[in-house]
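Each residue of the first sequence is one higher than the one before, counting from 1 in the UniProt record's numbering. We treat Cβ as the ideally placed atom computed from N, Cα and C, and that holds for glycine.
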Amino acid sequence: MIVNVIVDVASQAVDRIFDYSVPEEMQETMSAGCRVHVPFANRPVQGFVIGIKESSEVPAAKLKPVQEQIDLTPPLTPELLQLAESIKEETLSLHVSVLKAMLPQAMRAKYKKSVFPGAAVAKLDQNLQKHFAESKFIENWDEWIKEASEEDKISAAKAIRKGLLIVEPKVTTKDAAKKQLVYASILSDADAENHIGELNRKAPKQAAVLNFLQSSKEEHTAKQLEPYGSKAALEALVKKGLISKNEAVLNRDPYEGRHFETSESLTLLPAQKEVLSDITRVIDKKIHRTFLIRGVTGSGKTEIYLQAIDKVLRNGKEAIVLVPEISLTPQMVERFKARFGARVAVLHSALSKGEKYDEWKKIRDKKVDVVVGARSAVFAPFENLGIIIIDEEHEASYKQEESPRYHARSVAISRAEHYNCPVLLGSATPSLDSYARAQRGVYDLLTLENRVNDNAMPAVTLVDMREELKSGNRSMFSDDLIERIKDRKQKGEQIVLLLNRRGYSTFIMCRECGYVPQCPHCDISLTYHRTNQSLQCHYCGHRETVPTRCPECDSDQIRFFGTGTQKVEEELHKTFEDLSIIRMDVDTTRRKGSHEKLLTAFGKGEADVLLGTQMIAKGLDFPNITLVGVLAADSMLHLPDFRAAERTFQLLTQVAGRAGRHDKTGEVLIQTYSPEHYSITEVKEHNFLSFYEKEMYMRKMGGYPPFYFLTMIHVSHTDLQQVVQVTEKMSAYLKSSLSESTKIFGPVASPIPRIKDRYRYQCMIKYKIEPKLMEALQELMHSYQSDIARTDLQIIIDTNPFMMM
DNA sequence: AGCACGCCGACT
DNA sequence: GTCGGCGTGCTC
1 MIVNVIVDVA
11 SQAVDRIFDY
21 SVPEEMQETM
31 SAGCRVHVPF
41 ANRPVQGFVI
51 GIKESSEVPA
61 AKLKPVQEQI
71 DLTPPLTPEL
81 LQLAESIKEE
91 TLSLHVSVLK
101 AMLPQAMRAK
111 YKKSVFPGAA
121 VAKLDQNLQK
131 HFAESKFIEN
141 WDEWIKEASE
151 EDKISAAKAI
161 RKGLLIVEPK
171 VTTKDAAKKQ
181 LVYASILSDA
191 DAENHIGELN
201 RKAPKQAAVL
211 NFLQSSKEEH
221 TAKQLEPYGS
231 KAALEALVKK
241 GLISKNEAVL
251 NRDPYEGRHF
261 ETSESLTLLP
271 AQKEVLSDIT
281 RVIDKKIHRT
291 FLIRGVTGSG
301 KTEIYLQAID
311 KVLRNGKEAI
321 VLVPEISLTP
331 QMVERFKARF
341 GARVAVLHSA
351 LSKGEKYDEW
361 KKIRDKKVDV
371 VVGARSAVFA
381 PFENLGIIII
391 DEEHEASYKQ
401 EESPRYHARS
411 VAISRAEHYN
421 CPVLLGSATP
431 SLDSYARAQR
441 GVYDLLTLEN
451 RVNDNAMPAV
461 TLVDMREELK
471 SGNRSMFSDD
481 LIERIKDRKQ
491 KGEQIVLLLN
501 RRGYSTFIMC
511 RECGYVPQCP
521 HCDISLTYHR
531 TNQSLQCHYC
541 GHRETVPTRC
551 PECDSDQIRF
561 FGTGTQKVEE
571 ELHKTFEDLS
581 IIRMDVDTTR
591 RKGSHEKLLT
601 AFGKGEADVL
611 LGTQMIAKGL
621 DFPNITLVGV
631 LAADSMLHLP
641 DFRAAERTFQ
651 LLTQVAGRAG
661 RHDKTGEVLI
671 QTYSPEHYSI
681 TEVKEHNFLS
691 FYEKEMYMRK
701 MGGYPPFYFL
711 TMIHVSHTDL
721 QQVVQVTEKM
731 SAYLKSSLSE
741 STKIFGPVAS
751 PIPRIKDRYR
761 YQCMIKYKIE
771 PKLMEALQEL
781 MHSYQSDIAR
791 TDLQIIIDTN
801 PFMMM
């Protein structure tokens, strides 16, 4: 028996199948999708079995046997193995990196080298001899060498070379499923009681344990039984045959002890019913369709999701629900747990590695049939999928920004095609890509125009900040905004303020000569952080102190420009003495759980104002919010990215939706320097369609998606000349090998031309149909493979990029 | 990627 | 002579 193995080595050079023979004792249990340990270039590595066959073309002399089989039940199903192959092709990723992305972190292999002395200990240097007298071996060589003295390093290296010290590389795959002993009483009540009388005298501990087990009728771990009797008492009872002992895998439940109110299906409005019946029709027909539901905020999309899932579960199938990481709040989880109870697994980044593994295991063991999770939950190892739902489908977080650069939306569609089941994409502000597909009939468009409670959409006012300046208001708050904040404060209503920039000031500048401090490692100006009086680089973390005099002209006219959330908070306190503010940005939500904490506090009315960056735009639904203020609506609009207008419209619409969701009417005030830009005016009108048409026109003119496909190539190197040279060559090669109609732009320097001392260049490919593209890109990667390995050249290819930086 | 192998200059 | 630096090539 031969297995096809993909080895866990991140290199283009070994990104192919290697064959291994399977020892007799593993043949029975071996199957595709299992992880194995195999010898590879003189060391053990982890590998994924992706196929099994009877014979190999590889000469028998070269074939090595599998060292160890890690999984008995394969963690990857045949469907996922096939999916991995297509993702690898489409995203030009390493096969192994796609396979790894499908599994929870806890299942990744760890590699370490241990070092122990050979036979002739006496020949070792004095210092080493001393070391090995104390401990028999060095358990983690890489860690040891980091902390060792210079002499130790040299003499150890010598000893290894001479064979006096032996290096043993090891792979360990943590089996996160901890087996625990559980105990239960096995005799009838009457029998147990007979014994208890006797035990009470001789062994009171044993009697207590038996008593407890008798009354609870359930299995318990040794730890849970600790208060009644020790392990010794338990073992004694087992010996007497009064209780049984079993091994069991006990899963942690991150939501253990949390009570979820059960909820029933709500009655749907006619519009919701119509949408749901379109979906259930497809579920019944057992065919694949992708639906795009455009429903304004508060139109009841979630209830439709819940009822569609209910339908799928009744058919004995499974459901995946994807939610943007940031809106995976307890409230969101609660809605699903309330409806489907213990049948729901939750996968998101706030869980520990072990907890994630446990949730994943519940899916693999078929203990649940609904998964709610962020991007990677799209790989949930279900085998009988009935629906995949992607909420807020326009969110950028569905695209993974590291390799493998997959988009959860397209992975979801691939999987749904395989299972002949529907995909639901939901959003108040669909991505242009999806909406265009819906218009062309590739997706089915479903629309919900009205809010469930029939509330009107909040009134939106635009404030032209240029006018404010002209009339002498140089503060960051317009007169209108100040007045309205005063008004809400008086009425005891709550306010949400959005500013898409953290920190204090965006940069500092010398007024005399215009000097702006830049990061020495990146081509970007430094941001002023007030808390520690420093200038910081948001890209590499570089820090320096604020100069009191200009390093260029020695003037003392150094001033702060731009505004961050920190500064707004301070200014608000200056303007309104008794206003209480909760600030939410990366700096205040870094700690685990703080995001939730701040939101709950605001929900309970502990502050008048919630001030934050875009993270506040999602998921908050509090009845007392009647004013939403956007301080600088254009902050994203002028970024060098063709999606800038789309993102601006989406963010503003999102945040505007926070106001007046309940019986109080809401109001939105948007401050901007570009009040005539359609991405802002159409927010005022709540007119997605009009925005869509205008933006589509711009995309058509610019030759951007959804009219053209894009592929971005990012090249970086510490040497500027190298980058330029390589990018130029690549561009020339592509021009010569791709068709006439395909346009290649570049090489050009990236919008941030240098990060962490690496120069960055890029090359953009625009095309409509280009059958030779993937082949050409593969060829490119191969021809630069050795340069990437030898020098610090880096090449990133992003097919369908989301971020242009 | 990480490891062996082999070639070459430097030092005991 | 021997040590150790680095370029080259291979991994079932």
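N- and C-terminal bounds of the alpha helix (DSSP H) containing residue i
| i | result |
| --- | --- |
| Met465 | Met465 to Lys470 |
| Gln310 | Checking the displayed sequence, the identity of residue 310 turns out to be Asp instead of Gln. It spans Lys301 to Arg314 - the alpha helix (DSSP H) in which Asp310 sits, taken as one unbroken run. |
| Glu325 | Segment: none, Glu325 is in no alpha helix (DSSP H) and carries neither H nor E. |
| Tyr708 | Taken as a continuous stretch (DSSP letters only), Tyr708 belongs to no alpha helix (DSSP H), as it is neither H nor E. |
| Asp787 | Leu773 to Arg790 |
| Phe691 | Phe688 to Gly702 |
| residue 814 | This structure cannot settle anything about residue 814, because the visible part of the chain is limited to 1 through 805. |
| Ser434 | Leu432 to Gln439 |
| Leu651 | Ala644 to Ala656 |
| Leu234 | Lys231 to Lys239 |
| Met332 | Pro330 to Phe340 |
Own chain, CB closer than 7 Å to residue i, minus 5 neighbours either side, in chain order
| i | result |
| --- | --- |
| residue 807 | Nothing can be reported for residue 807: it is not among the residues displayed for the chain, which extend from 1 to 805. |
| Leu276 | Leu268, Ile304, Gln307 and Ala308 |
| Pro270 | none |
| Arg583 | Thr565, Glu569, Leu611 and Gly612 |
| Pro117 | Leu124, Phe132, Leu164 and Leu165 |
| Leu639 | none |
DSSP beta-bridge partners of residue i
| i | result |
| --- | --- |
| Ile138 | Val115 |
| Ile795 | Val715 |
| Ile279 | Bridge partners of Ile279: none, in fact. |
| Leu165 | Pro117 |
| Asn246 | Val182 |
| Asn4 | Asp19 and Gly51 |
| Gly426 | Ile293 and Asp391 |
| Thr221 | Val182 |
| Gln671 | Val463 |
| Thr172 | Lys110 |
| Lys399 | His407 |
Same chain only: Cβ atoms within 6 Å of residue i, ignoring 5 sequence neighbours per side
| i | result |
| --- | --- |
| Ser11 | none |
| Phe336 | Val344 and Val372 |
| Val115 | Ile138, Trp141, Leu165 and Val167 |
| Asp641 | Met804 |
| residue 854 | Because the chain here runs from 1 to 805, residue 854 falls outside it and cannot be looked at. |
| Gln671 | Val463, Met465, Ser478 and Leu631 |
| Gly295 | Lys301 and Leu448 |
Segment limits, beta strand (DSSP E) that includes residue i
| i | result |
| --- | --- |
| Ile625 | Ile625 to Val630 |
| Ala345 | Val344 to Leu347 |
| Glu681 | Here residue 681 turns out to be Thr, not Glu, going by the sequence shown. Premise fails: Thr681 lies in the alpha helix (DSSP H), Tyr678 to Lys684, not in any beta strand (DSSP E). |
| Leu351 | Element bounds for Leu351: n/a, residue is neither H nor E. |
| Ala319 | Glu318 to Leu322 |
| Leu448 | Asp444 to Leu448 |
Other residues of its chain near residue i: CB distance less than 8 Å, five sequence neighbours each side excluded
| i | result |
| --- | --- |
| Asn384 | Gly316, Lys317, Glu318 and Tyr419 |
| Ser786 | none |
* Enumerate, from N- to C-terminal direction, the unbroken alpha helix (DSSP H) stretches of 4 or more residues contained entirely within the stretch 585-618. => 594-603
* Mind listing, in chain order, the continuous beta strand (DSSP E) runs of no fewer than 3 residues lying wholly within the stretch 361-388? => Within the stretch 361-388, the complete beta strand (DSSP E) runs of at least 3 residues are 370-373.
* Asked: Can you list, in chain order, the stretches of the beta strand (DSSP E) that have 3 or more residues and sit fully within the stretch 734-768?
  -> 743-755 and 758-767
* Pick out the complete beta strand (DSSP E) segments inside the stretch 451-522, 3 residues or longer, and give them in chain order. => 459-464, 494-498 and 507-510
* Kindly provide the ranges of any alpha helix (DSSP H) runs that are 4 or more residues long and lie completely inside the stretch 92-127, ordered along the chain. => 95-101
* To do: Indicate whether the contact test is met: 3 or more Cβ pairs, each with one atom in the stretch 562-577 and one in the stretch 470-487, closer than 8 Å.
  => yes
* To do: At 4 residues or longer, and completely inside the stretch 24-94: list those alpha helix (DSSP H) runs for me, N to C.
  => 24-27 and 78-91
* Runs of beta strand (DSSP E) lying entirely within the stretch 526-593, each at least 3 residues, in chain order -> 527-529, 534-536, 543-545, 558-561 and 581-584
* Say whether the stretch 626-636 touches the stretch 482-495, bearing in mind that this needs 3 or more beta-carbon pairs closer than 8 Å, one atom from each stretch. => yes
* For the 8 Å Cβ check, are there 3 or more pairs between the stretch 789-798 and the stretch 712-724? -> yes
* To do: Say whether the stretch 505-518 touches the stretch 684-702, bearing in mind that this needs 3 or more beta-carbon pairs closer than 8 Å, one atom from each stretch.
  => no
* Quick one: any contact between the stretch 79-91 and the stretch 395-412, if contact means 3 or more CB pairs under 8 Å? -> By the Cβ rule, the stretch 79-91 counts as touching the stretch 395-412, because three or more pairs are nearer than 8 Å.
* **Cβ contact check for the stretch 37-55 and the stretch 67-81: 3 or more pairs under 8 Å** => yes
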